[in-house]
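Protein chains in written order, with my numbering: chain A, 1053 to 1399; chain B, 533 to 922; chain C, 175 to 361.
Cβ atoms here follow ideal geometry from the backbone N, Cα and C, with glycine treated the same way.
What follows is one structure encoded as structure tokens, with my remarks underneath.
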Amino acid sequence: MIALELAYWQETVIRVGLAAIVVPTGAAIAVYLFLFKLISFMQSRLGPMEAGPHGTMQLLAEVSKWLQKEDIIPDNADKRLFKLPPFIILGSTFLMFVVIPAGPTAIVSDLATGVFYVLAVSSVSVIGVLIAAWASANKYALMGGIRAAGQLIAYELPMVLAVVGVVIQAGTLNLQQIIFAQSTGEVFGWGGIGNPFVLTQFVGFLIFMVAVQAELSQTPFDMPVAESEVVGGWMVEYSGVRFLVFFLSEFAAAVGFSAIAATLFLGGWSLPTAWFNGWEGSGRFWMHFIGPVILLTKTMALTGVIFWVRFSMPRFREDQLQKMAWKFLIPLSLVNIAVTAILKVVM
Amino acid sequence: MTAITDRQKLAYIAAQAADARVNVELETEGMTLNIGPQHPATHGTLRIIARLDGEQVISADPVMGYMHRGYEKLTEVRTYPQVTTLVNRIDWLGSFANEVPFILAAEQLMDIEAPPRAQWIRTLLFELSRIANIVLFLGDMAVQLGALTPVFFAFRDREHVLNQIESVTGGRFHPNFDRIGGLKDDLPKGWIAETKLAMEKIRNFCDEIESLVMGSEIFEARTRGIGVIPPDVGLQYGLSGANIRASGVDWDLRRDAKVGMVYDELAGKVWTHPDGDSFARFWVRMQETREATKMVEQLCDGLPSGPIMAKVPRIIKVPAGEAYVATENPLGEMGYYIVSKGDLVPFRVKIRSASFNNVSIAPWLLRGVYVPDIITILASLYFILGDIDR
Amino acid sequence: MPAPKPKVPGFLKGLGVTARTAKETMFPDGMLRNPIPSPTKGAATVQYPHEKEAPAPRARGVITLQEDNCTSCMLCVRECPDWCIYIEAHKTLAPPRREGGKPRSVNTLERFDIDYALCMYCGICVEVCPFEALYWSPEYEYSEVRIADLLHDKERLGQWFETVPDNEPYEPGAEVKKKPVSRKENK
């Protein structure tokens, strides 16, 4: 295609640069579409309409507003620890995008253990949350942080276990290979729509989406930042740029998790091979351009579902949350793994 | 300097010992959390000092008074029409309902009865205020529990009722429409038809809330069994309105008290629920809204013709005496006790507001619950700070 | 007690309600025909200041003064719960009505201010005025940047008079007579 011989470091810089642009852009699109517009339509109103046509520039206005705010650190707060969490959370969110493929070669780093890496690195943000809660020197923040600790760690397990079923079915931890397996696979001998794992792993898919909702602290699992109780929870003392970082990384994480779900269950950037005659020749070439668009569509659809549920449901109490995770989701996902393994061997 | 009796000293020591016992029995340190006075969940400036053990409440004390505006003192230096204006602002969501018991008490002292048409329209506006108030409750309790959308639906559909109140009285929130002897003005043309349309929309709203909030399993898990008030405890604390009806007590001043409104000519059911938990309070208020829409339609249909104001002197001087009138306001039982010395201004007005008693059960009710349940319980008790503090 | 397992109907019905509302707001003309045709067609909100809702004719927006009718009897000043009306007047002698009569003393209004920063919009002054000098108008767009500008003087109060709507007819069954608004030409 582009006949350039780039050194490894040049290639890496370009890939990382593109990812660094894509992540905030994806988060911004998600914020505009869902937080501004979708919630407004669901509430019989129109949302921002003034800044730009139909309010498209609203996020730019909000970002500029936050950037010019005063940097407030509470007196009793531990200064260095207070400043640390935005970096941790932002870092862990960005690192999640390293292995998400957007095309046949559009990936920052094609790790052989992609699935393992992405789930592990997304859990690092829990540490950021806990540091933020403790360093804020605020009882509400502390309560939010303790709730977050319990919830985020509890819902890691169903998330990971739900993905194990996909891994068993694909036979690999590499995300590109999983996508190829879905695109070239067949369901009961018919390759018409490939083999998106959502068909066979629908239980796993549902568990994954529920666990993702909890990992993102979205209603109905938003106890850590329950607005009507702890007024912002662990984020309550953060304002200005620091809050902007939390806000954007929350949406970037939503986009990231949806992208992972799209990759693992819906086929990622690929279309079923039957639709364009296989991976030889022009199919592969055009996939370089269409792939990102397809991934974006699937990701935004799943992000839309996440936010649709967020705006419609009341929230669970944290002991009900915990019961749901430990007594319902984890046993269910273990059963899912067992059934998948048995069927994989048998069929 | 009053002498401290032995009994008081003993009580003080006992309280200290109880506190110390609590601190010794539990190994974790209790945390004192101040919920309010600035907080999204308290309906105004209510402060709750909660002593917590982790997420469980050991004790919770409400501290009221952050919004005290001195109503009862103000009424000592305001004439009766001026008091009517001020009194709109006590329970600011059920606006017209605040004026009615005051006017009825003054009419009782002056021995004047409003003409039938005025009484019917008075009852109509009273029920419209009830709908406006409770519709907001239905959305508000959902938002306290985390659902962002129902409160917008509540505001959207409440607009229809407020528009109707505005067409008649000129003010959406503070109508200032009731006068001793009747009402200020009559209904404009086309109002009855529009009001019936508005009632249709309110019923649609109730159905929407039923699917969106009441039917949601999460809502049921959050509210069933939370904040159970046994009927005798509720009566001892002076709860009124939907709070006590949700505990199974069949008490409704619209049916029981004989005041100057036309409830005995309407067919209306009094809804009770045996459980007494937060879900029951929500459910009872939902049914009451639907019942109120039916009552409004009955009132619209049966409106008699006639004058709107009785023969009342220009300068209102209420003869000496005392009168107490209580009505079934949206929040509960609201009553005015007027003491008059025959002047232009009342000598003393005591305002019995529903929310003051409704919130006084909080320390008893909030022992041993989790922090999220505090919010659920307070939301289901439904008080307005203006009503508590006056 | 096992966790609250979401039974399919209740959980999804709520999602259906919000989806339906979103669809009604986005496509008020039916599915996919015309997304968001005009800003306010589907939504329940009004895009102020591009579109404005007309308030009810009886809406209490602003009080206007018909200066010719005012005799500075001070009733409105006394009855206002907030004491936000300020009147200053002096007496002059007007010529007698017929030959050989006594000159009449007439009140001339110097100052009639209403302080809208204090006004509670209760309407007691309008109701109590025996000479129909004060009227309600539904105009509401008079916000100011400085609080002092909220003190409307005689001229400004008189200018609102054009916006006073005629009294509406009543519902059938009312025995109240519809009073016309006395509109005299300002001299």
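| Check | Outcome |
| --- | --- |
| Measure from the C-beta of residue 1372 of chain A to each C-beta in chain B and report whether the shortest distance is under 8 angstroms. | yes |
| Can we say the segment 1304-1315 of chain A touches the segment 1348-1357 of chain A, given the rule of at least three CB pairs closer than 8 angstroms? | yes |
| Just verifying my parser: in three-state terms, what is the DSSP assignment at residue 1127 of chain A? | coil |
| With a threshold of 6 angstroms on Cβ separation, who are the neighbours of residue 579 of chain B within its own chain once the five nearest residues in sequence on each side are excluded? | 568, 569 and 595 |
| Tell me, which residues are paired with residue 720 of chain B by DSSP? | C:344 |
| May I ask you to report which of helix, strand or coil DSSP gives residue 1095 of chain A? | coil |
| Using the rule of at least 16 other Cβ atoms within 10 Å of the residue's Cβ for burial, across every protein chain shown, is residue 1417 of chain A buried or exposed? | Any answer about residue 1417 of chain A is impossible in this case: the structure gives chain A only from 1053 up to 1399. |
| May I have the straight-line CA-CA distance separating residue 774 of chain B from residue 1293 of chain A, to the nearest angstrom? | 46 angstroms |
| Quick check: the Cα distance between residue 1383 of chain A and residue 1210 of chain A, rounded to an integer number of angstroms? | 9 angstroms |
| Tell me, which residues are paired with residue 864 of chain B by DSSP? | B:861 |
| Would residue 577 of chain B pass as an interface residue toward chain A - the criterion being a Cβ-Cβ separation below 8 angstroms? | no |
| Please classify residue 620 of chain B: does DSSP put it in a helix, a strand, or coil? | coil |
| Who are the Cβ neighbours of residue 675 of chain B in its own chain at under 6 angstroms, not counting the five residues just before and after it? | 683 |
| Note down, in chain order, every chain B residue with its Cβ under 7 angstroms from the Cβ of residue 1191 of chain A. | 563 and 565 |
| How far does the alpha helix (DSSP H) with residue 905 of chain B in it reach, from first residue to last? | 903-913 |
| Residue 610 of chain B touches chain C at which residues, Cβ-Cβ below 7 angstroms? | 255 |
| I'd like the span of the alpha helix (DSSP H) that includes residue 286 of chain C, first residue to last. | Residue 286 of chain C -> not in any alpha helix (DSSP H); beta strand (DSSP E) instead, spanning 278-289. |
| Counting contacts by CB-CB distance shorter than 8 angstroms, is residue 1451 of chain A in contact with chain B? | There is no way to answer for residue 1451 of chain A, as the model of chain A reaches only from 1053 to 1399. |
| With a threshold of 6 angstroms on Cβ separation, who are the neighbours of residue 311 of chain C within its own chain once the five nearest residues in sequence on each side are excluded? | 235, 236, 238, 334, 337 and 338 |
| Looking at the C-beta of residue 1366 of chain A, does it have a partner C-beta in chain B at a distance below 8 angstroms? | yes |
| Mind checking if residue 1369 of chain A is an interface residue toward chain B, Cβ cutoff 8 angstroms exclusive? | yes |
| For residue 559 of chain B, which residues from the same chain have a beta carbon less than 6 angstroms from its beta carbon, with the 5 sequence-adjacent residues on both sides left out? | Legend: pLDDT at residue 559 of chain B = 48, less than 50; position of this residue unreliable, value from coordinates given subsequently. Cβ within range, chain order: n/a, list empty. |
| Quick check: is the beta carbon of residue 559 of chain B nearer than 8 angstroms to any beta carbon in chain A? | In this predicted model, residue 559 of chain B has a pLDDT of only 48, less than 50, meaning its place in the structure is not dependable enough to derive any value. |
| What whole-angstrom Cβ distance do residue 1273 of chain A and residue 680 of chain B have, given they're in contact under 8 angstroms? | The pair is not a contact, with the Cβ atoms about 14 angstroms apart (cut-off 8 angstroms). |
| Taking its Cβ as the centre, do 16 or more other Cβ atoms sit within 10 Å of residue 1084 of chain A, making it buried, or is it exposed? | buried |
| Please classify residue 739 of chain B: is it buried, with 16 or more other beta-carbons within 10 angstroms of its beta-carbon, or exposed? | exposed |
| Please state if the CB of residue 827 of chain B and the CB of residue 792 of chain B are separated by a distance shorter than 8 angstroms. | no |
| For residue 193 of chain C, which option in A:1373, A:1379, A:1315 and A:1356 has the closest C-alpha, if you only look at C-alpha atoms? | A:1356 |
| Exposed or buried, residue 885 of chain B, counting other C-beta atoms within 10 Å across all chains shown (16 or more means buried)? | buried |
| Would you please verify whether the beta carbon of residue 188 of chain C is less than 8 angstroms from any beta carbon of chain A? | yes |
| With a CB to CB cut of under 6 angstroms and the five nearest residues on each side skipped, what residues in its chain are close to residue 342 of chain C? | 231 |
| Would you kindly check if the distance between the Cβ of residue 877 of chain B and the Cβ of residue 608 of chain B is under 8 angstroms? | yes |
| Which residue wins for smallest C-alpha separation from residue 755 of chain B, given the options B:616, B:908, B:601 and B:585? | B:908 |
| Looking only at its chain, what residues have a beta carbon closer than 6 angstroms to the beta carbon of residue 1141 of chain A, apart from the 5 residues adjacent to it on each side? | 1177, 1180 and 1301 |
| Spatial neighbours of residue 1386 of chain A within its chain, please: C-beta separation below 7 angstroms, excluding the five flanking residues on both sides. | 1213 |
| For a test of the three-state rule: what should DSSP assign to residue 1360 of chain A, helix, strand or coil? | helix |
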